[in-house]
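What follows is one structure encoded as structure tokens, with my remarks underneath.
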Amino acid sequence: MVELAYYVALLSPLFVLAAAVNVFLRRRAIKNGDGGRSVGLFILGFFVVGVLFYMVGFLVGSHISCKGAKYAECVLGGVLLGGPLSLTVATSAYLYFWAKNGKAP
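Residue numbering for the sequence shown is 1 to 105, as defined by this note's numbering.
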């Protein structure tokens, strides 16, 4: 079961990246017709949120995995599970609120 969680966690950023492209292409026009949203700001926000929350998830996952452990492999809990899952959740929330707003991010 743990191996399945690792595979899902590793593949989840790919799915959120595909969702980001889909959301941007469908929602890039501003509702009042003044023009399109900036792709540069969208990408910048997406990656800043993703990198920030990946680091937070890595630190939390590593801390939880390494409690009482004597081996260096416990950091893999942060790399393989905590980081990718927190990146996916944070960027999904960014996409949701970006698509919901009628203005540029």
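The C-beta atom is built at its ideal place from N, Cα and C for all residues, glycine as well. Bear in mind that the values here come from a model prediction, so they are computed numbers and not experimental data.
For residue i, the first and last residue of its enclosing alpha helix (DSSP H)
{"i": "Pro57", "result": "The sequence given here has Gly at residue 57, not Pro. Gly57 -> alpha helix (DSSP H) spans Val39 to Ser65."}
{"i": "Leu81", "result": "No alpha helix (DSSP H) holds Leu81; DSSP gives it neither H nor E."}
Simplified DSSP state of residue i, which is helix, strand or coil
{"i": "Pro105", "result": "Low confidence applies here, because Pro105 scores a pLDDT of 43, under 50, leaving its location unreliable; read the following figure in that light. Coil, per DSSP."}
{"i": "Tyr71", "result": "coil"}
{"i": "Arg28", "result": "coil"}
Pair within 8 Å by beta-carbon distance, residue i and residue j
{"i": "Thr91", "j": "Phe24", "result": "no"}
{"i": "Gly82", "j": "Gly50", "result": "no"}
{"i": "Thr12", "j": "Tyr54", "result": "One detail in the question is off: residue 12 reads as Ser in this sequence, not Thr. Not closer than 8 Å, so no."}
{"i": "Ala72", "j": "Arg27", "result": "no"}
{"i": "Leu17", "j": "Pro84", "result": "no"}
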